[in-house]
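> Counting from 23, one number per residue, gives the positions in the first sequence under our numbering. Following this message is one structure expressed as structure tokens.
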Amino acid sequence: MVREVPDKVSLDGLETRFDERWSAEGTFAFDRTKTRNEIFSIDTPPPTVSGSLHVGHVFSYTHTDVVARYKRMQGLEVFYPMGWDDNGLPTERRVQNYFGVRCDPSLPYVEGFEPPHQGTDGKNVKPGDQVPVSRRNFIELCERLTAEDERLFEALWRRLGLSVDWSQTYQTIDATSRATAQRAFLRNLGRGEAYQAEAPGLWDVTFQTAVAQAELEARDYPGFFHRVAFHRPDGEKIFIETTRPELIPAAVALIAHPDDERYQHLFGTTVTSPLFGVEIPVLAHPGAEPDKGAGIAMCCTFGDLTDVTWWRELQLPTRSIVQRDGRVTREVPEWISSGPGERFFETELTGKTTFSARTAIVDALRESGDLDGEPVATQRKANFYEKGDKPLEIVTSRQWYIRNGGRDAALREELLARGKELDFHPDFMRVRYENWVGGLNGDWLVSRQRFFGVAIPLWYPVLASGEVDHDHPIVPSEESLPVDPTSQAPAGHTEDQRGVPGGFVGDADVMDTWATSSLTPQIVGGWERDADLWQRVYPMDLRPQGQDIIRTWLFSTVVRSHLENGALPWKNAAISGWILDPDRKKMSKSKGNVVTPMDLLVEHGSDAVRYWAAAARLGTDAAFEVGQMKIGRRLAIKVLNASKFALSFGGGAGSQITLDPAKVTEPLDRAMLAGLARVVDQATAALEAYDHTRALEVTETFFWTFCDDYLELVKDRAYGAGTESTDASGSESARTALAVALDVMLRLLAPFIPFATEEVWSWWREGSVHRAAWPVAAPLRDAAGDADVVVLTAAGHALAALRKVKSEAKVSMRTPILGAELAVPAAALAGVRSAAVDVRAAGRVTGELALVAAGEGQGDLAVQGGIVVTRSELGEPEARNKG
RNA sequence: GGGCGAUUGGCGCAGUUGGUUAGCGCGCUUCGUUCACACCGAAGAGGUCACAGGUUCGAGUCCUGUAUCGCCCA
23 MVREVPDKVS LDGLETRFDE RWSAEGTFAF DRTKTRNEIF SIDTPPPTVS
73 GSLHVGHVFS YTHTDVVARY KRMQGLEVFY PMGWDDNGLP TERRVQNYFG
123 VRCDPSLPYV EGFEPPHQGT DGKNVKPGDQ VPVSRRNFIE LCERLTAEDE
173 RLFEALWRRL GLSVDWSQTY QTIDATSRAT AQRAFLRNLG RGEAYQAEAP
223 GLWDVTFQTA VAQAELEARD YPGFFHRVAF HRPDGEKIFI ETTRPELIPA
273 AVALIAHPDD ERYQHLFGTT VTSPLFGVEI PVLAHPGAEP DKGAGIAMCC
323 TFGDLTDVTW WRELQLPTRS IVQRDGRVTR EVPEWISSGP GERFFETELT
373 GKTTFSARTA IVDALRESGD LDGEPVATQR KANFYEKGDK PLEIVTSRQW
423 YIRNGGRDAA LREELLARGK ELDFHPDFMR VRYENWVGGL NGDWLVSRQR
473 FFGVAIPLWY PVLASGEVDH DHPIVPSEES LPVDPTSQAP AGHTEDQRGV
523 PGGFVGDADV MDTWATSSLT PQIVGGWERD ADLWQRVYPM DLRPQGQDII
573 RTWLFSTVVR SHLENGALPW KNAAISGWIL DPDRKKMSKS KGNVVTPMDL
623 LVEHGSDAVR YWAAAARLGT DAAFEVGQMK IGRRLAIKVL NASKFALSFG
673 GGAGSQITLD PAKVTEPLDR AMLAGLARVV DQATAALEAY DHTRALEVTE
723 TFFWTFCDDY LELVKDRAYG AGTESTDASG SESARTALAV ALDVMLRLLA
773 PFIPFATEEV WSWWREGSVH RAAWPVAAPL RDAAGDADVV VLTAAGHALA
823 ALRKVKSEAK VSMRTPILGA ELAVPAAALA GVRSAAVDVR AAGRVTGELA
873 LVAAGEGQGD LAVQGGIVVT RSELGEPEAR NKG
């Protein structure tokens, strides 16, 4: 039953109208009564609030939504929650500036705290004016502030048409996430997978925090090679080249490659350092690169990660001089005992930044004659914290680690096996996982010396001596989580025992943000919180994400799930590519070429933008192309117009439409359904293989042929007038075929252009197209019988050949053809013949239409399928109705 | 330095396990059109598939090497 078809169709306003309807009707609400095999669960990336959503988000989240909508139409109940990532520095800074506060974990929680500011118009509050608050208060303020971000993000996602169940949202700092992260950590601790160690690690002096391998970024950093002499007992000078002469006082060995002939005679001997006269050994290690610099390197504790390797493998002493604040130690180290060296250190180096210390040392080396030539400028790779702007130092500190296979071959093999078990889309993305896991050189450092984040849920006893006993942490019960050890006392203790002998101290650190976000399946799935939900959704089906965070988010999630649940967290990982700007560069804010997503959606319409996104395959970078969106918009409008047309033949609103395939009797109509059956098979197979692009392509191609050829061919017959086919069944056949095809094509297109398809669906079908069943080919094939799609192709070509006559004669397509003869290739002849009535009608052939077999070499298959018009006579063009 | 991906008409992309004459869209040219659609329709022009070797009866497709671009890791 056709309820209504608008006179004038439009895409405008569909986004808002259907978002409201889908919400009101709970179209995407998750039905948790379904069992695991009836559910498709998606572990969606939580976007970072405080950041902003950009075109790349729209792009990749659309890919996920296409899958979600497809799976839902396949009859699966889709578990598709959305989260907000508010961990990390950007949120911390915004909270500080917006409310004029700073987090001080040493403070107690204040009930009902009101911050001094409510927004400062973008101006920063000076650190001195910031009011210190407890971590719990800080987190509460964060939740207050990010509520606005979340509202804006949700509005964008709704407009884009993400079929998320909006009653299922979470924040990575909310109580559930904190409890989950802490519980998982305590489980790791209990099984010995989390441990603390006093070890050299990367340290950011600006942010005053330890940094994990996964957060490293190697950048070019300008420096100078200094050629510096060490001294043998006999006075011979051994030259090394270093970019960090300020670390000479921290030198513990000179190291050359074991096969390097130049240094064979030195191995096993000692040299003394210039200026400081510290005696150090000359050692061999394959890590030394003979063709780099002098071929012999100064090993300091610690200048870089190679030093750490040498220190560990050659069991060298620790002689650190750089402190956590990035300055040289204020005490003269005990190993520097030569009179002049000691004095020099004390007067020129103590407390200086590494930069100033370098200047002082280089001046002194020049004076003592130990500097050979002048420093030579160079670009070297230095390790940076991805958010920092100073090279990382390496300092020794006590930190918590979680085992990730970086130090344990057996665990590494298990994790590599998990990688093989996971279906990556596209498959080659697996290599990035394997390279990363294979290249790990340490466990996962999870402690962060930050204030804002999920607290490490531990306290430590304070001994009678006043010393803190880190070896026997006090662990909270899982029921008490989340806890904040800096503002809560452990069970059995009171707050007045904090920091006093016989009492306790709380661990002041927070966990790495990945330590929380690696648990998104557990957070959304109700792990240890909602056992019923958990067994319905876990392990999950799909993790969509970007390729840049395979080493972090994907890997850490696999680690947690493997350790905690002995399972892979999901079956599939769908990796989206980048958005490139017209210069084929990654789009970035700094380049100022980022378009605000909401503007994009408003300007082009959501279906158009989704079409652009869906036209790019997983893992493939895509150009930001407005042209592609315009094509999507054209498709959406065409769907509206063609549908309006197809539904109008029965008489428009109020007319009955049957979808009974038995009524499709004409060969041409059956041929069209045969073609559609094939499209259904191809689109389904493509979507099953996470190849949404192919599904869209075959559907779209068929749809355009349907509009350009089929619709034109059957127009007159569907109207039921004007041809020699006065037979009502011919008209009914066309009308039924049109409706059946429309019904199927709307469903095929629904995951891609959900708004236009839903609009059409609402004109004549019940419920939402997004809860309609995904089409299957069998009924179409049954209706098509033995009809072959070549009938449609051939008839379309014949029509095109007639059009060409008119086009070349530069006359209107409405010009009648008084008579014509077509030479048709043998393979197409029967097809054209069986559709001759429709071809004549669509081509406006009023007289004879002769069909003859084409001769050898006649016609070009690439042009109108080889059909050639051998004779034609045009009638008078129709008079124009002007005015 | 290692790894992964890309290179097809002016632009953006398809091209399934090697198989007739390499497709699609945009743009372009010409024409048409207001009773589905001007956010339109029809017809047309336009390509030594980055380069060099090799395997094969046959290579855009497989192998080797080179170049350029992008990303990741050292």
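Where is the CB? At the ideal position from N, CA and C, for every residue including glycine.
1. Measure the CB-CB distance between I318 and V274 and report whether it falls below 8 Å.
2. The alpha helix (DSSP H) that contains C164, what's its start and end?
3. D6 to G627, Cα distance in whole Å?
4. So K737 is in the beta strand (DSSP E); what residue range does that whole segment cover?
5. Measure the Cβ-Cβ separation of A705 and T721 and say whether it is below 8 Å.
6. When DSSP labels each residue in this structure, what does L844 get in the three-state scheme?
7. Report all residues from its chain with a CB closer than 6 Å to the CB of K613; omit the five preceding and five following residues, and keep chain order.
8. Could you pull the DSSP bridge partners for D445 from this structure?
9. Bridge partners for M533 per DSSP, in chain order?
10. As a quick exercise: from E710, F577, G672, pick the residue whose alpha carbon is nearest that of E26.
11. Would A477 and G524 qualify as a contact pair, given that the criterion is a beta-carbon distance under 8 Å?
12. So the alpha helix (DSSP H) V812 belongs to, where does it begin and stop?
13. Only counting the same chain, and skipping five residues up and downstream in sequence, which positions put a Cβ closer than 7 Å to that of V484?
14. Under three-state DSSP, which class holds P154?
15. With DSSP collapsed to three states, give me the class of L224.
16. By alpha-carbon positions, which one of D703, T351, A658 ends up nearest to L768?
17. Looking only at its own chain, which residues have a Cβ that is under 6 Å from the Cβ of Q230, when we skip the five neighbours before and after it?
18. Pick from A864, E356, S378, P154: whose alpha carbon is nearest that of V350?
19. Check the C-beta distance from D860 over to R739 and give it rounded, since I have them as a contact under 8 Å.
20. Touch check for the segment 240 to 254 and the segment 280 to 297: three-plus C-beta pairs under 8 Å?
21. Measure the alpha-carbon distance for T113 versus R166 and round it to whole angstroms.
22. Is it true that the segment 183 to 190 meets the segment 498 to 514, where meeting means three or more beta-carbon pairs spaced less than 8 Å apart?
23. Taking the C-alpha atoms as reference points, what is the distance between L98 and V701?
24. Strictly by DSSP, which residues pair up with F930?
25. Along the chain, where does the alpha helix (DSSP H) containing K403 start, and where does it finish?
26. Q544: which of S509, R582, R157 sits nearest, CA to CA?
27. Look at the alpha carbon of V417 and the alpha carbon of P138, and state the distance between them as a whole number of angstroms.
28. Buried or exposed: K145, going by 16 or more other Cβ atoms within 10 Å of its Cβ?
29. Tell me, to the nearest whole angstrom, how far the beta carbon of R58 is from that of R565; I am working on the premise that it is less than 8 Å.
30. Assign Y120 to one of three DSSP states: helix, strand, or coil.
31. Figure out for me which residue from W422, P397, V384, T376 has the closest Cα to the Cα of P495.
32. Where in the segment 632 to 692 do unbroken runs of the alpha helix (DSSP H), each at least 4 residues long, occur, reported from the N-terminal end onward?
33. How would you write the range of the alpha helix (DSSP H) that Y83 sits in, first residue to last?
34. Do you know whose CA, among L174, G141, F135, lies nearest V155's CA?
35. Might you give, ordered along the chain, the residues of its own chain that have their beta carbon closer than 7 Å to the beta carbon of K685, omitting 5 neighbours on each side?
36. Does the Cβ of T323 have 16 or more other Cβ atoms within 10 Å, making it buried, or fewer, making it exposed?
Per the coordinate set shown:
1. I318 is not a Cβ neighbour of V274, given a cutoff of 8 Å.
2. 157 to 182
3. No information on residue 6 is available, as it lies outside the stretch 23 to 905 that the chain covers here.
4. Counting along the chain, K737 falls outside any beta strand (DSSP E), though it belongs to the alpha helix (DSSP H) covering 733 to 741.
5. yes
6. strand
7. In this prediction, K613 scores a pLDDT of 47, lower than 50, which makes its location untrustworthy; no coordinate-derived value is stated.
8. N594
9. Looking at the DSSP assignment, M533 forms a beta bridge with S469.
10. G672
11. no
12. 812 to 830
13. The residues are V490, G521, V522, P523, G524, G525, F526, V527.
14. strand
15. strand
16. Ranking the options by Cα distance to L768, first place goes to A658.
17. Taken in chain order, the residues that qualify are Q471.
18. S378
19. D860 to R739, Cβ: 6 Å. Contact.
20. At 8 Å Cβ cutoff, the stretches touch.
21. Rounded to whole angstroms, T113 to R166 spans 12 Å at the Cα level.
22. no
23. Spanning the two alpha carbons is a distance of roughly 22 Å.
24. Residue 930 lies beyond the residue range present for the chain, which begins at 23 and ends at 905; the question has no answer from this structure.
25. First-last for K403: 398 to 407, but that is the beta strand (DSSP E), not the alpha helix (DSSP H).
26. R582
27. 37 Å
28. exposed
29. For a cut-off of 8 Å, the C-beta gap from R58 to R565 is around 17 Å, too long to register as a contact.
30. In the structure shown, Y120 adopts helical secondary structure according to DSSP, grouped into three states.
31. W422
32. Complete alpha helix (DSSP H) runs here, min 4: 648 to 668.
33. Run containing Y83: 77 to 95, per the alpha helix (DSSP H) assignment.
34. F135
35. E754, S755, T758
36. buried
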